[in-house]
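Chemist: The structure under discussion is supplied below as structure tokens; questions concerning it will follow.
Protein chains: 2
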Amino acid sequence: MADSNTIRLRVFSLNCWGIRYLSKHCRERYAMIGELLSREEHDIVLLQEVWSEKDFLCLKRKLSSTHPHSHYFKSGVIGSGMATFSRHRIHDAFLYRYSLNGYPYMAHHGDWFGGKAVGMVILNIGRLAAHVYVTHLHAEYCREKDSYLPHRVVQAWELQQFIRHTSSGADLVILAGDLNLHPQDLGNRLLRTYTGLRDSYTETAKFDGCEDGITLIADNPFINPKELCPFEKGIRIDYILYKGSGRVSIQCESLSTTKGSVPDHPFPYSDHEALSADLQLQTLTQQAGGDETRGEQDCAAGKLAELVDIVTEARTEVKVGLYCAERMRYTAARTGVMGMALLLLELAIAAVPWLALRADQPFPRASFYLLGVLCFAILITTFLLYIFYTMEVKALQGAEDQMRLAVGSLQERLRGFPLAQPLNRLCRPLDGQDPCPLEPEE
Amino acid sequence: MADSNTIRLRVFSLNCWGIRYLSKHCRERYAMIGELLSREEHDIVLLQEVWSEKDFLCLKRKLSSTHPHSHYFKSGVIGSGMATFSRHRIHDAFLYRYSLNGYPYMAHHGDWFGGKAVGMVILNIGRLAAHVYVTHLHAEYCREKDSYLPHRVVQAWELQQFIRHTSSGADLVILAGDLNLHPQDLGNRLLRTYTGLRDSYTETAKFDGCEDGITLIADNPFINPKELCPFEKGIRIDYILYKGSGRVSIQCESLSTTKGSVPDHPFPYSDHEALSADLQLQTLTQQAGGDETRGEQDCAAGKLAELVDIVTEARTEVKVGLYCAERMRYTAARTGVMGMALLLLELAIAAVPWLALRADQPFPRASFYLLGVLCFAILITTFLLYIFYTMEVKALQGAEDQMRLAVGSLQERLRGFPLAQPLNRLCRPLDGQDPCPLEPEE
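Given below as structure tokens:
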């Protein structure tokens, strides 16, 4: 391994909290964000919650000289909210919409309408192919009783699948966004262990930012500290992750976050803190890997075993979600049947005279119509809910099937270890630093 | 280039038309399909329209000895209907759900409920990594006035994106399924030109099957020949496509289709004909490519120019779809506003006595309630439709954005041609036979 070319790459990520007319000081904050970006001239800017395309276009105009290339990912009802700006030409873009993303009737949470997804853009940095991903997972509204946990686990599962399968040809991989996952949360472990992506916060040589790298801080004026409870200071849920390849080694030289306030401005950029990472890419003249040592084999076996545990844990979580979804579907069906029975009874009362009992005490006409309307409303609502829950059940079952398959495949490979199976597929140093990131299917 | 190992790979594809209780002779046909598969022992079996998981499980039991590995892809309300059986171990599975897939209120067409998608399984054939894809695109119900055309074009676009981005690490790629596209349809050209996939029907050395390779034939007793009009004999919409890589060269030795009837059985396997391809894989000891000739450059430039034309055509089609979706959304909004106005008028009549005009001619009570219910129904329906059309608009806009980006990128590369840009990215012989399949982003 020898270094020939060293390239510096600056990556920026921010959840902009850009809900027009609802987010506080939205317009002013976008102006501040635009100023910051045109001043700092990061190579790659990955934004989340840019809910309005008008705001994206406004930023695009402002950054036309510093970041001539951009892409806005559209999905769901109000868009995925994800945008990327780049100094390097974007050659290709691809979007993967998560199969599960909350419930449409939880309109006050709004996640379903946002059409959460992971977006990928491919850009060439010099002669290197960089696959850059931006994502935003479903929010966690209550950590103790998190009804969205199975959805978020499935999203993390699909995110790692998408990155793993679309990054085979990449020289370097970057993922940034609001994962809505704490560093040790199941989804985060699943993502990092399966893809081999490294966390810029834990890997950086130099860090300047909030304590423990938190990105949702109690000091932020847009945040209600009670919502962060029991994490008094805040939580770390925004990330810049990266990995190299046999052709490129990556080091995180420095990572910084904003710290709530912005000098000379009355409020911060957003309710989240912005992340800014300085990555150093070194192109490798010689392909790494090939002759693994016994120690590396053990390490890869250890990683495999860890991965089996994590996927099994995820599978359990998905099964819990499946149980809930099936119960909800059953409830919808039962309520629908009751509505139908009531409607039939009403029709019978209307059609068959002797059921109306005595003529001097007729069934009150207004109540009769009201009840009919109620029955119809119940029928329509439960029908729609039944359809929705069936789709949820299918998606959860699909994820669980894939996880079962993955566990089987991992265990098979684990069993093969003492017999010295082709290990270069399991334990290939990706970028010279980490001897054992796991790339199960390349 | 030299051959060392030759592997024979037999691939089977069939749209099973397996709607329980609705498709004719469903159970008997599954029994026949099971017999055929366990007798023929294809390496890879890719089925579509296996709508019931029970039927999949039944097939799985029957094929447990010949095809020990299987995967059933779940999505939508009734599942994607796609299943795969393999003699080789399946290591990984991944599903991409198309962003557009018809309309839920077109329940008689049913496509929306099917959750159309493309499924990928990764299997190792010897030392080769095979990425095997199965898909089923939205049906074409009326060729002259095909309102689903933009949806199918977007599906073809997403299909080629998915295959292109997830197959970089593959030694060989196989795609089979019911594309619902004629050989020269826009979506088909888009798919083949962008991915470099080759059609086993046009490439095969030996063909045994229906005339012109048609897979939906007029002679099939389950088909109403009128529906095939103006294609009297039938149409070719089911395919087995393939490509190799720098490590593997693929030849299609023979391709066969069923011909409507099955010997000793009163009816055929399905309303579609089954495809069976014999592929011959040859592992290459020496990597192909590296020194392109002028002729190959021209060929790659020609392919690029062709691709620009095709993507532009697709973009136009998507724009037409976008126009329709926006119009439909506008109609939904306008109808909703009218419903709301009527409801307000009703409420005003009820609340303000002088609006009820003369007391001796009151607004009939029954009509009053009925009108109220109608208003509510209009409001709810138009609200749901508005949400749905907005999602359709977003998905179409997203696809159009990606197509614009792709055209820009392709044109940029085309401009660079006379200056001899790095051509190995553009014109890399994939498997020794075709000098110029196009792999824009690897």
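Protein sequences appear in the order of chains A and B.
For the first sequence, UniProt numbering gives the first residue as 1, with consecutive numbering after it.
For the second sequence, UniProt numbering gives the first residue as 1, with consecutive numbering after it.
Virtual Cβ for every residue (Gly too), placed ideally from N, Cα, C.
(1) Between Leu405 (chain A) and chain B, is there a C-beta pair that is closer than 8 angstroms?
(2) Residues of the region 73-104 of chain B in Cβ contact with chain A at a cutoff of 9 angstroms, in chain order, please.
(3) With H, G and I counted as helix, E and B as strand and the rest as coil, what does DSSP make of Ile90 (chain A)?
(4) Quick one: residues in its chain with C-beta nearer than 8 angstroms to the C-beta of Asp291 (chain B), no 5 flanking neighbours on either side, listed in chain order?
(5) For Val50 (chain A) and Ala83 (chain A), which I take to be in contact (beta-carbon distance under 8 angstroms), what is that distance rounded to the nearest angstrom?
(6) From the DSSP output, which residues share a beta bridge with Ile250 (chain A)?
(7) Note down the Cα distance separating Ala350 (chain A) from Ser367 (chain B), rounded to an integer number of angstroms.
(8) Taking the straight line between their C-alpha atoms, what separation do you get for Leu284 (chain B) and Leu22 (chain B)?
(9) What residue range is occupied by the uninterrupted beta strand (DSSP E) comprising Gln48 (chain A)?
(10) Counting only beta-carbon separations shorter than 8 angstroms, does Val373 (chain B) have a partner in chain A?
(11) Excluding the 5 residues flanking Ile217 (chain A) on each side, which residues of the same chain have their C-beta closer than 6 angstroms to its C-beta?
(12) Since Pro268 (chain B) and Asn220 (chain B) are thought to touch, with beta carbons under 8 angstroms apart, how far apart are those beta carbons, to the nearest angstrom?
(13) If you reduce the DSSP assignment to three classes, tell me which class Arg27 (chain B) lands in.
(14) Alpha carbon to alpha carbon, how far is Met391 (chain B) from Ser75 (chain A)? Give it in angstroms, no decimals.
(15) Have a look at Asn180 (chain A) and Ile237 (chain A) and give me their C-alpha separation to the nearest angstrom.
(16) What residue range does the alpha helix (DSSP H) around Met391 (chain A) cover?
(17) Hey, how far is the Cα of Leu419 (chain B) from the Cα of Val407 (chain B)?
(18) Would you kindly report the start and end of the unbroken alpha helix (DSSP H) that includes Lys60 (chain A)?
(19) Does the distance from the C-beta atom of Cys252 (chain B) to that of Glu203 (chain B) stay below 8 angstroms?
(20) Any contact between the region 89-96 of chain A and the region 367-376 of chain A? By contact I mean 3 or more CB pairs, one from each, below 8 angstroms.
(21) Measuring alpha carbon to alpha carbon, tell me which residue in A:Val337, A:Leu36, A:Leu63, A:Gln411 is nearest Thr381 (chain A).
(22) Nearest-angstrom Cα distance between Thr166 (chain A) and Arg315 (chain A)?
(23) Spell out whether any CB of chain A is found under 8 angstroms from the CB atom of Gln402 (chain B).
(24) Mapping the DSSP letters down to three states, classify Phe85 (chain A) as helix, strand or coil.
(25) Say whether chain A places a C-beta atom closer than 8 angstroms to the C-beta of Thr166 (chain B).
(26) So, is the C-beta of Lys319 (chain A) closer than 8 angstroms to a C-beta in chain B?
(27) Let me check understanding here. Comparing Cα to Cα, which of A:Trp112, A:His69, A:Gln161 lies closest to Ile122 (chain A)?
(28) Give the interface partners of Gln161 (chain A) over in chain B, defined as CB-CB distance under 7 angstroms, in chain order.
(29) Would you tell me roughly how many angstroms separate the C-alpha atoms of Gln161 (chain B) and Leu379 (chain B), rounded to the nearest one?
(30) Do Gly18 (chain A) and Cys26 (chain A) have their beta-carbon atoms positioned less than 8 angstroms apart in this structure?
(31) Could you tell me whether any Cβ in chain A is nearer than 8 angstroms to the Cβ of Gly169 (chain B)?
(32) In the DSSP assignment, find the unbroken beta strand (DSSP E) run with Phe267 (chain B) in it and report its ends.
(33) Once you ignore the five residues that flank Arg97 (chain A) on each side, which residues in its own chain have a CB closer than 7 angstroms to its CB?
(34) For Leu175 (chain B), report the span of its beta strand (DSSP E) as first-last.
(35) In three-state terms, what does DSSP make of Ala333 (chain A)?
Modeler: Considering the structure as presented:
(1) Locating residue 405 (chain A) in the first sequence gives position 405, counting from the first residue. Yes, because at least one Cβ of chain B sits closer than 8 angstroms to the Cβ of Leu405 (chain A).
(2) Of all residues in the region 73-104 of chain B, only Phe73, Lys74, Ser75, Gly76, Val77, Ile78, Gly79, Ser80, Arg89, Ile90, His91, Asp92, Ala93, Phe94, Leu95, Tyr96, Arg97, Ser99, Pro104 come within less than 9 angstroms of chain A when Cβ atoms are compared, listed by chain position.
(3) Residue mapping note: residue 90 (chain A) aligns to position 90 of the first sequence, counting from 1. Ile90 (chain A) falls in the strand class under three-state DSSP.
(4) As a first step, residue 291 (chain B) is located in the second sequence; it is residue number 291 there, counting from the start. Bear in mind that the predicted position of Asp291 (chain B) carries a pLDDT of just 46, short of 50, making it unreliable; the figure below should be weighed with that in mind. A distance below 8 angstroms between beta-carbons, with the five flanking residues on each side excluded, links Asp291 (chain B) to no residue of its chain.
(5) Residue 50 (chain A) sits at position 50 when you count from the first residue of the first sequence. Residue 83 (chain A) sits at position 83 when you count from the first residue of the first sequence. Correct: roughly 5 angstroms between the Cβ atoms.
(6) Walking along the first sequence from the start, residue 250 (chain A) turns up at place 250. In the DSSP secondary-structure assignment, Ile250 (chain A) is bridged to A:Leu281.
(7) Position 350 of the first sequence, counting from 1, holds the residue named residue 350 (chain A). Position 367 of the second sequence, counting from 1, holds the residue named residue 367 (chain B). Rounded to whole angstroms, Ala350 (chain A) and Ser367 (chain B) show a C-alpha spacing of 16 angstroms.
(8) Looking up residue 284 (chain B) in the second sequence gives position 284. Looking up residue 22 (chain B) in the second sequence gives position 22. Rounded to whole angstroms, Leu284 (chain B) to Leu22 (chain B) spans 49 angstroms at the Cα level.
(9) Counting from 1 along the first sequence, the entry for residue 48 (chain A) is found at position 48. That run of the beta strand (DSSP E) goes 44-48.
(10) Within the second sequence, numbered from 1, the residue matching residue 373 (chain B) stands at position 373. Contact with chain A is found for Val373 (chain B), since one of that chain's Cβ atoms lies less than 8 angstroms from the residue's Cβ.
(11) Numbered from its first residue, the first sequence carries residue 217 (chain A) at position 217. Around Ile217 (chain A): Cys210, Gly234, Gly260.
(12) As a first step, residue 268 (chain B) is located in the second sequence; it is residue number 268 there, counting from the start. As a first step, residue 220 (chain B) is located in the second sequence; it is residue number 220 there, counting from the start. About 6 angstroms separates the two Cβ atoms, so the contact holds.
(13) Reading the second sequence from its first residue, position 27 is the one you call residue 27 (chain B). DSSP places Arg27 (chain B) within a helical segment (H, G or I) once states are collapsed to three.
(14) Translated into the one-based positions of the first sequence, residue 75 (chain A) becomes position 75. Translated into the one-based positions of the second sequence, residue 391 (chain B) becomes position 391. Rounded to the nearest whole angstrom, the C-alpha separation of Ser75 (chain A) and Met391 (chain B) is 7 angstroms.
(15) For the purposes of this step, residue 180 (chain A) is identified with residue 180 of the first sequence, where counting begins at 1. For the purposes of this step, residue 237 (chain A) is identified with residue 237 of the first sequence, where counting begins at 1. The alpha-carbon of Asn180 (chain A) is positioned some 5 angstroms away from that of Ile237 (chain A).
(16) Your numbering for residue 391 (chain A) matches position 391 in the first sequence. Looking at the DSSP string, the run of the alpha helix (DSSP H) that includes Met391 (chain A) is 365-415.
(17) Counted from its first residue, the second sequence places residue 419 (chain B) at position 419. Counted from its first residue, the second sequence places residue 407 (chain B) at position 407. Residue placement at Leu419 (chain B) cannot be trusted, given a pLDDT of 47 that sits under 50; the coordinates are not used to answer.
(18) As a position in the first sequence, residue 60 (chain A) is number 60, starting the count at 1. Lys60 (chain A) -> alpha helix (DSSP H) spans 53-62.
(19) Working through the second sequence from its first residue, we reach residue 252 (chain B) at position 252. Working through the second sequence from its first residue, we reach residue 203 (chain B) at position 203. A distance below 8 angstroms separates the beta carbons of Cys252 (chain B) and Glu203 (chain B).
(20) When C-beta atoms of the region 89-96 of chain A are compared with those of the region 367-376 of chain A, fewer than three pairs fall below 8 angstroms, so the two segments do not count as touching.
(21) Stepping through the first sequence from its first residue, residue 381 (chain A) is reached at position 381. Measuring from the Cα of Thr381 (chain A), the nearest candidate turns out to be A:Val337.
(22) As a first step, residue 166 (chain A) is located in the first sequence; it is residue number 166 there, counting from the start. As a first step, residue 315 (chain A) is located in the first sequence; it is residue number 315 there, counting from the start. Thr166 (chain A) and Arg315 (chain A) have their alpha carbons spaced roughly 23 angstroms apart.
(23) As a first step, residue 402 (chain B) is located in the second sequence; it is residue number 402 there, counting from the start. Using beta-carbon distances, Gln402 (chain B) counts as an interface residue toward chain A, with a partner under 8 angstroms.
(24) The residue you call residue 85 (chain A) lines up with position 85 of the first sequence. Note: Phe85 (chain A) maps to strand in three-state DSSP.
(25) On the second sequence, residue 166 (chain B) is found 166 positions in, with the first residue counted as 1. The C-beta of Thr166 (chain B) comes closer than 8 angstroms to at least one C-beta of chain A.
(26) As a working mapping, residue 319 (chain A) is identified with position 319 in the first sequence. Contact of Lys319 (chain A) with chain B is not assigned, every C-beta pair being separated by 8 angstroms or more.
(27) Here residue 122 (chain A) refers to the residue found at position 122 when the first sequence is read from its first residue. In terms of Cα proximity to Ile122 (chain A), the closest of A:Trp112, A:His69, A:Gln161 is A:His69.
(28) Here residue 161 (chain A) refers to the residue found at position 161 of the first sequence. Chain B residues near Gln161 (chain A): Phe94.
(29) Position 161 of the second sequence, counted from the start, is the residue given in the question as residue 161 (chain B). Position 379 of the second sequence, counted from the start, is the residue given in the question as residue 379 (chain B). So the two alpha carbons sit approximately 38 angstroms from each other.
(30) Position 26 of the first sequence, counting from 1, holds the residue named residue 26 (chain A). Position 18 of the first sequence, counting from 1, holds the residue named residue 18 (chain A). Against a cut-off of 8 angstroms, the Cβ pair of Gly18 (chain A) and Cys26 (chain A) comes out as a contact.
(31) Residue numbering aside, residue 169 (chain B) sits at position 169 when the second sequence is read from its first letter. Yes, contact with chain A.
(32) By one-based count along the second sequence, residue 267 (chain B) stands at place 267. Run containing Phe267 (chain B): none; DSSP gives neither H nor E here.
(33) Walking along the first sequence from the start, residue 97 (chain A) turns up at place 97. In the same chain as Arg97 (chain A), and ignoring 5 residues on each side of it, the C-beta atoms closer than 7 angstroms to its own belong to Ser75, Gly115, Ala117, in chain order.
(34) In the second sequence, the residue the question calls residue 175 (chain B) occupies position 175. Leu175 (chain B): member of the beta strand (DSSP E) spanning 172-178, first to last residue.
(35) Within the first sequence, the letter at position 333 stands for residue 333 (chain A). Residue state for Ala333 (chain A) is assigned as helix, using DSSP reduced to three classes.
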